[in-house]
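Worksheet: one structure, shown below.
Pasting the structure below:
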């Protein structure tokens with residue numbers, strides 16, 4: 006009789022626990038991260054007798070959750086990818102929107118500017134044309150300046166997002182560490198049975214954490230989940246969380262860098278982050294820097310080259326052409342760990358060959374190296390004023406004494422917002438050629454003037470009258486002075502102006518140089534300025550100005566399209582993984598309703614067993630009393 010009571014009681018208790026679990030499932034149907042739970046029923050140990058082995062009922066052995074470790078791993082990886090590409094996509098789209106804005110279009114500004122230059126070349130005496138040129142120049146630098154300010158604003162937004170992501174990561178790590186402790190305690194108290202609700206909470210936190218930073222996890226023997234950054238440093242070890250920290254860029258970059266606190270101090274892991282919101286922010290910052298570099302290459306290249314050509318001309322009042330745009334003052338960032346006393350002075354040597362990013366330099370103890378993407382290349386030059394270091398179109402002069410491993414970054418982008426119109430007087434436009442060169446009628450050689458180039462606009466006597474007399478095929482006298490060697494390749498330098506010739510001179514051939522008079526209608530300098538628009542002199546002879554502007558816009562547009570596609574693809578994969586997780590772990594109300602009816606009936610049947618056992622027991626007592 007006692008056996009029947011025991012069997013009925015165990016069934017009642019087991020089915021009640023099954024019903025409790027079903028109710029728990031239904032209650033959490035909308036709980037994020039909840040995994041459906043199920044009671045596992047097992048047969049109680051039977052009793053062996055001489056008449057046979059008799060069963061002793063049922064018991065609820067454990068409660069399991071419906072979850073897949075494989076799907077969880079995919080969700081963690083997917084969350085990291087979504088966070089990574091989301092940040093890149095958002096910034097790329099904003100950059101594309103800025104550069105495509107008609108009011109900010111650099112290409113449109115260039116077109117308008119060179120159209121105005123052509124108008125001056127067509128009518129160099131027109132005051133209206135000259136005023137239009139100045140207005141077009143102001144519009145061009147306005148566009149550059151506005152974009153520069155917008156880029157700075159984006160820098161600030163990225164820095165804010167970066168600090169927010171670091172704080173979020175640290176908070177999540179602390180919560181995971183706390184849950185590790187709770188899970189270990191709960192597992193021990195339950196005889197090794199898993200605390201399912203706590204496991205669900207931890208899994209959800211892990212997925213959220215992966216959205217901030219790419220991570221990997223390792224399960225301990227005690228059920229604690231250890232979390233590591235992809236660089237190898239621990240974020241969570243058991244119940245101990247380690248904090249990320251914001252580290253200033255030692256080379257003065259606009260975006261802070263990422264460090265992690267370890268027992269040995271803070272380790273910079275910025276170059277080892279490849280996923281999550283933090284990785285996306287770092288990658289987006291690199292993209293913004295690249296865009297700023299291309300725009301700087303374009304803006305400084307055009308303004309410096311325009312100034313150089315303008316200096317070869319003559320103004321209406323007979324003065325050499327001055328600077329139309331403000332000259333660049335290129336900044337240099339010094340690494341915080343430098344131990345030497347060196348300082349660098351950087352200037353533009355070749356406007357057509359400027360780098361499209363901020364180059365880094367390192368002194369290895371014996372020579373200067375240019376460091377790009379981890380690759381170090383030795384630089385030519387001694388770093389002196391007479392023999393500077395050359396980085397593409399930049400000239401670098403080293404002052405002081407560097408120490409081994411001293412590092413510097415040339416900050417081209419800092420000058421982007423400083424581009425200004427320096428010329429405000431229409432009569433300051435040097436449209437005329439500085440000199441007229443006339444061959445003597447008595448010349449017998451075949452020599453003819455090829456080019457007249459103002460090489461040194463500030464040279465004493467620039468544009469002054471002079472005479473050249475060839476005393477031999479390779480000798481020339483300037484203003485009756487002693488003959489000097491003549492090289493057909495380099496020509497002759499006279500008062501800051503270089504003349505090159507075609508043909509062959511004869512002894513006695515004479516050329517007279519006279520300055521262009523005030524009020525001249527000559528347009529040679531203006532035409533040379535206009536010709537800059539149609540010649541491929543940028544990017545070391547690969548691009549015209551319009552090509553460089555179009556390449557900038559297309560590069561940003563292509564990057565935006567690629568980033569959007571990558572983000573959409575990551576979202577699609579994540580959605581598929583979430584759907585699979587829901588199929589495995591989600592609560593199906595129809596299924597739970599069916600289980601509820603099944604276990605309700607089983608519970609009622611078990612109650613009936615107890616009722617029968619009670620009736621039999623009463624019958625037995627009545628018989629004994631008799």
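Residue numbers (my numbering): 6 to 631. Quick reminder that beta carbons are idealized off the backbone N, C-alpha and C, glycines included. Note that the coordinates shown come from a computational prediction; the quantities given were computed from them, not determined experimentally.
Exposed or buried, what is residue i when buried is set at 16 or more other beta-carbons lying within 10 Å of its beta-carbon?
i	result
residue 59	exposed
residue 197	exposed
residue 609	exposed
residue 407	buried
residue 194	exposed
residue 455	exposed
residue 156	buried
residue 158	exposed
residue 509	exposed
residue 154	exposed
residue 224	exposed
residue 165	exposed
residue 309	buried
residue 364	buried
residue 85	buried
Hey, how far is the Cα of residue i from the Cα of residue j?
i	j	result
residue 330	residue 443	33 Å
residue 446	residue 505	19 Å
residue 299	residue 542	15 Å
residue 23	residue 267	46 Å
residue 251	residue 319	55 Å
residue 357	residue 249	43 Å
residue 230	residue 271	23 Å
residue 274	residue 283	11 Å
residue 163	residue 286	6 Å
residue 169	residue 605	50 Å
residue 57	residue 598	39 Å
residue 72	residue 211	15 Å
residue 219	residue 101	27 Å
residue 613	residue 80	47 Å
residue 512	residue 450	8 Å
residue 383	residue 254	24 Å
residue 430	residue 108	25 Å
residue 522	residue 321	8 Å
residue 348	residue 342	14 Å
residue 34	residue 593	8 Å
I'd like to know whether the C-beta atoms of residue i and residue j end up nearer to each other than 8 Å.
i	j	result
residue 113	residue 565	no
residue 525	residue 437	yes
residue 111	residue 557	yes
residue 534	residue 146	no
residue 175	residue 40	no
residue 386	residue 393	yes
residue 317	residue 530	yes
residue 280	residue 89	yes
residue 351	residue 359	no
residue 142	residue 119	no
residue 327	residue 428	yes
residue 289	residue 92	yes
residue 361	residue 324	no
Residue i: which of the options sits nearest, CA to CA?
i	options	result
residue 476	469, 220, 486	486
residue 380	312, 389, 392, 366	366
residue 21	43, 33, 35	43
residue 172	618, 217, 494	217
residue 538	311, 186, 170, 104	311
residue 178	133, 494, 234	234
residue 149	425, 484, 620, 629	425
residue 707	254, 247, 276	There is no way to answer for residue 707, as the model of the chain reaches only from 6 to 631.
residue 4	483, 603, 435, 554	Residue 4 cannot be examined here, being either before or after the span of the chain that is shown, 6 to 631.
residue 115	517, 431, 290, 138	138
residue 555	105, 263, 364, 160	105
residue 372	410, 78, 348	410
residue 335	369, 262, 361, 420	420
residue 496	473, 383, 8	473
residue 16	65, 33, 348	65
residue 567	482, 95, 307	95
residue 374	361, 412, 402, 582	412
residue 38	591, 611, 305	591
residue 77	596, 589, 611, 594	589
Inset, instruction - May I have a chain-ordered list of the beta strand (DSSP E) segments no shorter than 3 residues that lie completely inside the stretch 250-287? - result: 262-267, 270-273
Inset, instruction - Report the residue ranges of all beta strand (DSSP E) runs contained in full by the stretch 343-397; include only those spanning at least 3 residues, in chain order. - result: 348-353, 365-368, 373-377, 380-383, 394-396
Legend entry - 3 or more residues per run - each beta strand (DSSP E) lying fully within the stretch 130-216: none
Legend entry - Any beta strand (DSSP E) of 3 or more consecutive residues that is wholly inside the stretch 500-540: 502-507, 515-520
Inset, instruction - Note down, one range per segment and in chain order, each beta strand (DSSP E) of at least 3 residues found wholly within the stretch 58-103. - result: The qualifying runs are 63-70.
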